[in-house]
Amino acid sequence: MMIGKKVIVIFISFIIILPSGCLRIPTEQKTSSQMQANSELHVEYPLQAEAQVIYEPEIDDIFRRISVDYSLVGNVSTSITHHHLRLKWDFMIVNRTQDSTIIYILTPNFGNLNITFEEQQVNLSRLSYYLLPDYNVKIFLLNLTYSKDKPLFGTLEYETTIDSLFLYYVAQFSKSFYYPENYPYAIYFSPNFVFPVSPAGIIGKVSRGNIVLVLPSRYAVISEYPLEVNSKNNQTIIIIDNSKPWGSVYIYKRGFFQETKLTIGDNNTWLVIYAPSNMRLYSKELTNATVKIIKHYIDRLMDPPYSEINVIFHPDLPFGNGEEFEDSGKGIAIVGIRDSKRIEDILPTLAHEVAHLWFGSYTNLTPGIEEGLATFMGSDAGYLSYSLGYTERQILKYSSQYRKPLIQAYKEVISNPQVRNAIKYYKGAFVFRSLQFVLGNETFFEGLRELLRECHGKECNLTDVQSVFEKVSGQDLDWFFKEWFYTAKVPNYYVRNLRLEKEDWRYTVSFEIIDKNNFTMPLEVEVKTPTKSFIKKIWVNGSARVEFELNEKPTEIILDPNEWMVNENKKYNVKGIEIIIE
Ligand SMILES: [Zn+2]
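Numbering (this note's numbering), first residue to last: 4 to 585.
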C-alpha cells in the first residue's frame, strides 16, 4: 500500500448497487420534528443522536445491509489540486415510495462535509450514524419527510487535504475493487455501478447526471467510450455522462509511463507500449514480448485491424487481469502487473488481451467464444498460464462441478472465478485446439481468418462458427461441434485386450482403445521403448485397434501425449507396460 507517498487522488461520485437488504437503524425512541424555513420539508433529528460502531465486515456487506427506496440524479464536480480535494454534488432524489425517507450519507470521519436539502442546512452533529473504524467511514442516517411525488433537491460539498490518512482511507475502502494505490487511475463503468467511490456522497443508485473531473493539466485520459476531455487554463477537464456508462476510463499522469513507439506489420501499424517509468528494467523485455506476440498473430491471422495499438502495463490492476477496448480508432490493451514477481506472470494476460484486438473488438462473436479464441491464440503464441497438462486437469476438476456444455456456459454468468476460468477460458480454448488437430493447421487457421472476415460488423454465434469451418474445410463438422460444444462430456479412453508377442527379437504390441463416452476423434497414440518413441494418429469412433512393431520391448503406451484434447486422465500398468492416458 502506498501510504505517505504524495499522490493526488481522483474521486467521483459514490455510486453502488444496492440489492435489498435488512434495514438496521439505531433505535430512535423520541424524535423532535422541526419545522424549518421551508414549509414543506421536515428534517427529523433524534432527541439523542446515537452512534453504532461496526467492526470488520467487508465494506460490501455494509451496503448490503442498507436498503434505500430512492434513486439519485446528479452532477458531481471534483476539483483536485496538489494536496487538496474539493467535491461538489448537486443532486436530485427521485422515485421515493413514501413521504418519509431515510437518506444515507457516507463520509470519511475527517474533512469537511456540508449538506443542504431544499436549501435547508442539515445539522450533521445531531444525526445518528454508523461508525466503521476499520475504514474511517461514517454513515449518517437522515430522516426526511417530503412529498414523495416531488423531486428532492440538494447539495453536498466535501473538502479535505490529500494526506496519508486520506490515502489510507481510499485504499482501505476500496480494496475489493481495482482502486489505484498508484498512478494511473482506473474508473470502471458498468450499467450497474460507477467506480471509484467518492470519499463522500449519498448512498444510492445514480441513474443520470454528469461527472466532471477537474485535474491539473498533467493528466491524460484513455477511455473505452466517448467522453469529453478539455484542456483549459492548465487544467484537464473530463466530463462523463452518467446516463450511458459502460466501460473503463483510465486517467494517468503524463510522464508516469515510459512510452516506446514502433511500427509493425505490412500496414505499418503504430505500436505504443506504456510501461511505468520505474519499470525501466523490464520495459525492453515487455516490448520484445509484445512484438513477438503481435507478429505471431499477424502470421496466423492478418495485419492488426487498427492503425495504432496501445499496450498499457497497468500498475494498479493485479496481474492476471486485463481488458481490451477500442478508443477512437485505436486498439487498447490493458495488462495488470500489480503483484507480479516475474515477467512470465504477465505474458499470458498480455497475449490474451492483445488477441482480443482480433477476436474481440474487431469481431462481433458471442463474447464467450471470443474469450476461448483469445485464450487459444495466446496459447498458440506460447503463452498459456499453465502447461497444457495442468490446464486440462483444471478443466476436468471444475467441469465435474459445473456439468454443463460450453453452449450453456456462453449464455450465463459463472460467478465462481475458478469455474469461469476453467470452463469459459481454458475449455473454450482447448476445443479450438482440438479442432486444429482435426482440421490441420492450414485449414484451421484459414477458418479463423474467415471468421474474422465473416464476423466483422456482424453478430456471429456458435452456429456461424460451425458454418465457417464447414465452408473452409468442405466437411460436415456437426459431429465435432455436437460432441465438444453441446455436451459437457469429454472422451474417456482406456486400453484393453493388450497383446505382446515376441518373434526373432521383434515385438508386436497390439491393443484396443475404447472410449466409454463414445466420441469420434482422431487420437495420437505413442509407444515408448527404452531408446525410442513412436507416434501414430488414429481415428477412434468409440473404439479402435492399434498395432506397433518394435525392435525392443515397449515400456509405455501414452494416449494424447501432446494434449490435443481434454479427456479423462489415468495411469495404470498392464503386463509390465505403463499405460498413461493424458
Ligand atoms: Zn478476454
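We put the CB at the ideal spot given by N, CA and C, even for glycine.
Which residues bound the alpha helix (DSSP H) around residue i?
i, result
"Glu559", "Run containing Glu559: none in the alpha helix (DSSP H); it sits in the beta strand (DSSP E), Glu559 to Leu562."
"Met380", "Pro370 to Asp383"
"Asp348", "Ile346 to Ala358"
"Val422", "Pro420 to Arg423"
Just to confirm the assignment, what range does the beta strand (DSSP E) spanning residue i have?
i, result
"Gly392", "Gly392 -> not in any beta strand (DSSP E); alpha helix (DSSP H) instead, spanning Leu391 to Tyr405."
"Thr148", "Val140 to Thr148"
"Gly431", "Taken as a continuous stretch (DSSP letters only), Gly431 belongs to no beta strand (DSSP E), being part of the alpha helix (DSSP H) at Gly431 to Leu442."
"Arg622", "Only positions 4 to 585 of the chain appear in this structure, which leaves residue 622 out of reach."
"Tyr277", "Thr272 to Pro279"
"Pro318", "Glu311 to Pro321"
"Ile69", "Element bounds for Ile69: n/a, residue is neither H nor E."
"Arg341", "Lys333 to Arg341"
"Tyr413", "Taken as a continuous stretch (DSSP letters only), Tyr413 belongs to no beta strand (DSSP E), being part of the alpha helix (DSSP H) at Leu409 to Lys414."
"His45", "His45 to Pro49"
"Gly325", "Gly325 to Asp330"
"Thr263", "Phe260 to Ile267"
"Val569", "It is not in any beta strand (DSSP E) - Val569 carries neither H nor E in the DSSP assignment."
"Asn236", "Note, Asn236: premise wrong, no beta strand (DSSP E); not H, not E."
"Ser226", "Tyr222 to Ser226"
"Ile584", "Ile580 to Ile584"
"Leu218", "Asn213 to Pro219"
"Ala54", "Ala54 to Val56"
Just checking my contact of residue i with residue j at CB under 8 Å: how many whole Å lie between their CB atoms?
i, j, result
"Asn367", "Gly460", "7 Å"
"Gly204", "Trp92", "6 Å"
"Phe537", "Val530", "5 Å"
"Ile346", "Tyr285", "6 Å"
"Glu227", "Ser251", "5 Å"
"His45", "Thr119", "His45 to Thr119, Cβ: 15 Å. No contact."
"Ala52", "Ser103", "Wrong, their Cβ atoms sit about 18 Å apart, outside the cutoff."
"Ile580", "Lys574", "Actually they do not touch by this definition, with Cβ atoms about 12 Å apart."
"Asn554", "Asn520", "Not a contact, Cβ separation roughly 35 Å."
"Thr558", "Pro533", "6 Å"
"Tyr43", "Ser150", "Per the sequence shown, residue 43 should be read as Glu rather than Tyr. That pair is a contact at about 7 Å."
"Val357", "Val294", "Val357 to Val294, Cβ: 10 Å. No contact."
Using 9 Å as the threshold, is the C-beta distance between residue i and residue j below it?
i, j, result
"Met568", "Leu455", "no"
"Gly258", "Pro307", "no"
"Gly334", "Leu360", "yes"
"Leu274", "Lys264", "yes"
"Glu515", "Val493", "no"
"Thr369", "Ile312", "no"
"Leu465", "Ile398", "no"
"Ser402", "Ala336", "no"
"Phe316", "Met282", "yes"
"Leu145", "Val56", "no"
"Asn576", "Ile584", "no"
"Lys430", "Ile417", "no"
"Ser80", "Leu216", "yes"
"Asn270", "Ser310", "yes"
"Gly587", "Gly77", "With the chain covering only 4 through 585, there is no way to say anything about residue 587."
"Ser70", "Asn98", "no"
"Leu451", "Leu376", "yes"
"Tyr393", "Ala425", "no"
"Tyr222", "Tyr255", "yes"
"Leu116", "Leu155", "no"
"Ile214", "Ile243", "yes"
"Glu327", "Gly363", "yes"
"Asp72", "Thr100", "yes"
Taking only beta-carbon positions, decide if residue i is within less than 9 Å of chain D.
i, result
"Ile267", "The chain labelled as chain D is not found in the depicted structure, where only one protein chain is given."
Query raised in the report: Does the segment 380-398 touch the segment 343-360, meaning 3 or more C-beta pairs lie closer than 8 Å?
Result: They touch, by the three-pair rule.
Requested in this report: Please list the segments of the alpha helix (DSSP H) lying wholly inside the segment 444-531, counting only runs of 4 or more residues, in order along the chain.
Outcome: The segment 444-531 contains these whole alpha helix (DSSP H) runs: 444-457, 465-476 and 481-488.
Query raised in the report: Per the contact definition of three or more C-beta pairs closer than 8 Å, is the segment 160-173 in contact with the segment 70-88?
Result: Yes, the segment 70-88 is in contact with the segment 160-173.
Query - Length-filtered (3 minimum) beta strand (DSSP E) runs lying within the segment 89-172 - result: If you keep only unbroken beta strand (DSSP E) runs of at least 3 residues inside the segment 89-172, you get 103-111, 115-120, 132-135, 140-148 and 155-164.
Query raised in the report: Per the contact definition of three or more C-beta pairs closer than 8 Å, is the segment 108-128 in contact with the segment 140-148?
Result: In short, these stretches touch, since the Cβ pair count reaches three.
Query raised in the report: Taking one C-beta from the segment 520-535 and one from the segment 552-568 each time, how about it: are there three or more such pairs within less than 8 Å?
Result: They touch, by the three-pair rule.
Query - Validate contact between the segment 224-241 and the segment 293-301 using beta carbons, cut 8 Å, 3 pairs - result: As far as the Cβ criterion goes, the segment 224-241 does not touch the segment 293-301, which means the pair count is below three.
Query raised in the report: Are the segment 68-85 and the segment 111-131 in contact at 8 Å, needing three or more beta carbon pairs?
Result: Here the segment 68-85 makes no contact with the segment 111-131; the two share fewer than three CB pairs at distances below 8 Å.
Query raised in the report: Do the segment 460-479 and the segment 494-508 meet, that is, are 3 or more Cβ pairs less than 8 Å apart?
Result: Contact between the segment 460-479 and the segment 494-508 is not established, with fewer than three Cβ pairs separated by less than 8 Å.
Requested in this report: Spell out a yes or no on whether the segment 480-487 and the segment 550-558 are touching, meaning 3 or more CB-CB pairs, one atom from each, closer than 8 Å.
Outcome: In the pairwise beta carbon analysis, the segment 480-487 is classified as not touching the segment 550-558: fewer than three pairs are separated by under 8 Å.
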